[in-house]
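Engineer:
Numbering (the working numbering), first residue to last: 762 to 1265.
Set out below in structure tokens:
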């Protein structure tokens, strides 16, 4: 059964280790359920809502309840690590054809596994995080930026119900009070920006299993959260474990990493926009790749790499202020926009001995597909009381035909309002249709500057357009069933309450 959310239990021990001698080893125990850091509320501010959500999850998991097994045959239970970089578009990976960015560890993963040519995210952070975690399109569950509704069931819940030890490290951005990650199925967490917003890079402020920890000895935020992940893997190497690693890098502010010549361990502030530059973004991409290698190498050193499915992707395109040379032309970042530069993201999957090495697939993948894929790989179950839009691509990973999708869909409105500013589109590998009728041939118009004119739409293109229009019309008709009231999304996570805090 999916474990009920125990809101009054003490927080278990968590150990945050570091390979650097000057970094602390933090042991955290939050014993009192009344402390601000172990509050009995999510962002929703209601114990009633939290209890109801827990009850729904428990009910769905009971024998004969509304849960659907994804795979019929017995499945070996691999460890699973899902890594998602922040604002690092398709053009930033060497295996995709970049010679400007250095990503040797990602390139190694691609050689040992499968690279996806057509993976699509949402245009910006929170919409992508909601979709990847729940397997559902934003039209069904997106309230507003920075939130995930507490009634949603995530891959954390699904994998925990399947018997996995679960952990999330990195960037959360979904509020939820300090209990948020646990309510969404994660046994442990080490996160930046859970209920506060301190610095993220030099001398950061993190939240570790209910306690705020401020670092002041030259530590680097991405190192600290990856150290926690490595420690989690070592403690649970007997498996199975599921680790979700939404990385902090390489999101702005663009500033030096510990590998940069101008790194300053005494820096206490995030750099202002006027100091950002492409040089440091490039170095941050390299450091993100280094941390991918750190996790990969840990799995290899422990002898569990062949029993671990490792997936890497990114939440959206590169920041708009960054232009990168790619395949002989400049590519301007498109974060926050719906063309390819905002939604076409890298994806690599590696599972030695299971995924054939060196594979490249043209199959369409969107972020709703991750939850069903992970569930099938781990023998998990999907809730059947709600629509899950994704479909598993595990068969394709194993070299089988599978059931590839014919289209991907995007519903995008940053503030969540259901109004005339919503952008809806459906697309396949070559064509893209917006709800207002704009129709593009992407290989010849990647920036979407020239829509196809009637005389350019032959019978073949017309058939594609009609198929994509049917997708948009069907999903538009379902928007009326949106279950959450926007007024219920006020953030009442207790930001102004006294919190338990530690200095490292």
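By construction, the Cβ of each residue, glycine as well, lies at the ideal position given by its N, Cα and C atoms. These numbers were taken from a predicted model, which means no experiment stands behind them.
Tell me whether residue 957 sits in a helix, a strand or coil according to DSSP, three-state version.
Structural biologist: Of the three classes helix, strand and coil, the one that applies to residue 957 here is coil, per DSSP.
Engineer: If you pair each beta-carbon of the region 983-996 with each one of the region 945-963, do three or more pairs fall below 8 Å?
Structural biologist: Touching, per the Cβ criterion.
Engineer: Give the single residue among 1083, 1217 and 984 whose Cα lies nearest to the Cα of residue 848.
Structural biologist: Looking at the Cα atoms, 1083 is the closest of the given residues.
Engineer: Mapping the DSSP letters down to three states, classify residue 1142 as helix, strand or coil.
Structural biologist: Here residue 1142 sits in strand by DSSP.
Engineer: Evaluate the contact criterion for the region 1103-1111 versus the region 1144-1152: three or more CB pairs, one atom per stretch, below 8 Å.
Structural biologist: They do not touch, by the three-pair rule.
Engineer: Take the Cβ of residue 1231 as the centre, count every other Cβ of all protein chains shown within 10 Å, and call the residue buried at 16 or more, exposed below.
Structural biologist: Result: exposed.
Engineer: Pull up the distance between the alpha-carbon of residue 1209 and that of residue 1100, whole angstroms please.
Structural biologist: Looking at the two C-alpha atoms, the distance is approximately 7 Å.
Engineer: Closer than 7 Å by C-beta to residue 783: which residues in its own chain qualify, once you throw out the five before and the five after it? Chain order, please.
Structural biologist: Per-residue confidence for residue 783 stands at a pLDDT of 34, beneath the threshold of 50, marking its modelled position as unreliable; the derived number appears in the next sentence. Counting only Cβ-Cβ distances below 7 Å, and skipping sequence neighbours, we find 978 and 979.
Engineer: Can you give, in chain order, each stretch of the beta strand (DSSP E) that sits fully within the region 1194-1248 and has at least 3 residues?
Structural biologist: Those beta strand (DSSP E) runs which fall completely within the region 1194-1248 and span 3+ residues are 1200-1202.
Engineer: When the Cα of residue 1182 is compared with those of 1222, 902, 1196 and 1220, which residue comes out closest?
Structural biologist: Closest option to residue 1182, Cα to Cα, is 1196.
Engineer: Does residue 1044 pass the burial test, meaning 16 or more other C-beta atoms within 10 Å, or should it be called exposed?
Structural biologist: Residue 1044 is buried by the Cβ-count criterion.
Engineer: What separation, rounded to the nearest whole angstrom, lies between the Cα atoms of residue 1191 and residue 1238?
Structural biologist: Between residue 1191 and residue 1238, the C-alpha separation is close to 25 Å.
Engineer: Indicate whether residue 920 and residue 946 have their beta-carbon atoms separated by less than 9 Å.
Structural biologist: A contact, by the Cβ cut-off of 9 Å.
Engineer: Can you check DSSP and say which residues form a bridge with residue 1263?
Structural biologist: Bridge partners of residue 1263: 974.
Engineer: Quick check for students: name the residue ranges of the alpha helix (DSSP H) that lie wholly in the region 884-957, counting only runs of 4 or more.
Structural biologist: 886-895, 899-902, 916-922 and 941-944, all fully within the region 884-957.
Engineer: Among 903, 1056, 879 and 852, which one has its Cα closest to the Cα of residue 1175?
Structural biologist: Closest by alpha carbon: 903.
Engineer: Where residue 836 and residue 1029 are concerned, what is the direct C-alpha to C-alpha distance, given to the nearest angstrom?
Structural biologist: The pLDDT assigned to residue 836 is 48, lower than 50, so where the model puts this residue is not dependable; a value taken from the coordinates is nonetheless given after this. Rounded to the nearest angstrom, the two C-alpha atoms are 48 Å apart.
Engineer: How long is the line joining the alpha carbons of residue 846 and residue 1215, rounded to whole angstroms?
Structural biologist: About 40 Å.
Engineer: Are residue 1067 and residue 1113 closer than 9 Å when you measure CB to CB?
Structural biologist: Yes, the Cβ-Cβ distance between residue 1067 and residue 1113 is below 9 Å.
Engineer: Which residues mark the beginning and the end of the beta strand (DSSP E) in which residue 1123 is found?
Structural biologist: Unbroken beta strand (DSSP E) run through residue 1123: 1120-1127.
Engineer: Residue 1038: which of 1006, 1015, 1085 and 924 sits nearest, CA to CA?
Structural biologist: The shortest C-alpha separation from residue 1038 is found at 1015.
Engineer: What are the complete beta strand (DSSP E) segments, minimum 3 residues, inside the region 990-1068?
Structural biologist: DSSP runs (the beta strand (DSSP E)) wholly in the region 990-1068: 1002-1007.
Engineer: Excluding five sequence neighbours on each side, which residues of the same chain lie with their C-beta closer than 6 Å to the C-beta of residue 1262?
Structural biologist: Excluding residues within five positions, the ones whose Cβ falls inside 6 Å are 973.
Engineer: Between the Cα of residue 1003 and the Cα atoms of 898, 915 and 1054, which residue gives the shortest distance?
Structural biologist: The residue with the shortest Cα to Cα distance from residue 1003 is 915.
Engineer: Taking all protein chains shown into account, decide if residue 936 is buried (16 or more other Cβ within 10 angstroms of its Cβ) or exposed.
Structural biologist: Counting Cβ neighbours within 10 Å, residue 936 comes out buried, since at least 16 surround it.
Engineer: Closest to residue 1034 by C-alpha separation, out of 1013, 1129 and 841, would be which residue?
Structural biologist: Ranking the options by Cα distance to residue 1034, first place goes to 1013.
Engineer: Can you tell me whether residue 1137 is helix, strand or coil according to DSSP?
Structural biologist: Helix at residue 1137.
Engineer: Could you tell me the boundaries of the beta strand (DSSP E) in which residue 1191 lies?
Structural biologist: Careful: residue 1191 lies outside any beta strand (DSSP E) and carries neither H nor E.
Engineer: Suppose you measure from the CA of residue 1159 to the CA of residue 896; what does that come to, to the nearest Å?
Structural biologist: Their Cα atoms are separated by approximately 21 Å.
Engineer: Can you tell me which of the three DSSP states residue 986 falls into?
Structural biologist: In this structure, residue 986 counts as helix in the three-state DSSP scheme.
Engineer: Please list, in chain order, all residues of the same chain as residue 1279 whose beta carbon is under 6 Å from its beta carbon, the five residues on each side excluded.
Structural biologist: The requested residue 1279 does not occur in the structure, where the chain is confined to residues 762 to 1265.
Engineer: Helix, strand or coil: how does DSSP classify residue 872 here?
Structural biologist: Reduced to three states, the DSSP call for residue 872 is helix.
Engineer: For residue 893, I'd like the list of residues in its chain whose CB is within less than 6 Å of its CB, leaving aside the five on either flank, ordered along the chain.
Structural biologist: The residues are 1128 and 1131.
Engineer: Who are the near neighbours of residue 997 in its chain, counting only those whose CB is closer than 6 Å to its CB and skipping five residues on each side?
Structural biologist: So the list reads 926, once near-sequence residues are dropped.
Engineer: If you draw a straight line from the C-alpha of residue 923 to the C-alpha of residue 1137, how long is it?
Structural biologist: If I take the Cα positions, the gap works out to 10 Å.
Engineer: Roughly how many angstroms separate the alpha carbons of residue 1226 and residue 1117, rounded to a whole number?
Structural biologist: Straight-line Cα distance between these residues: approximately 35 Å.
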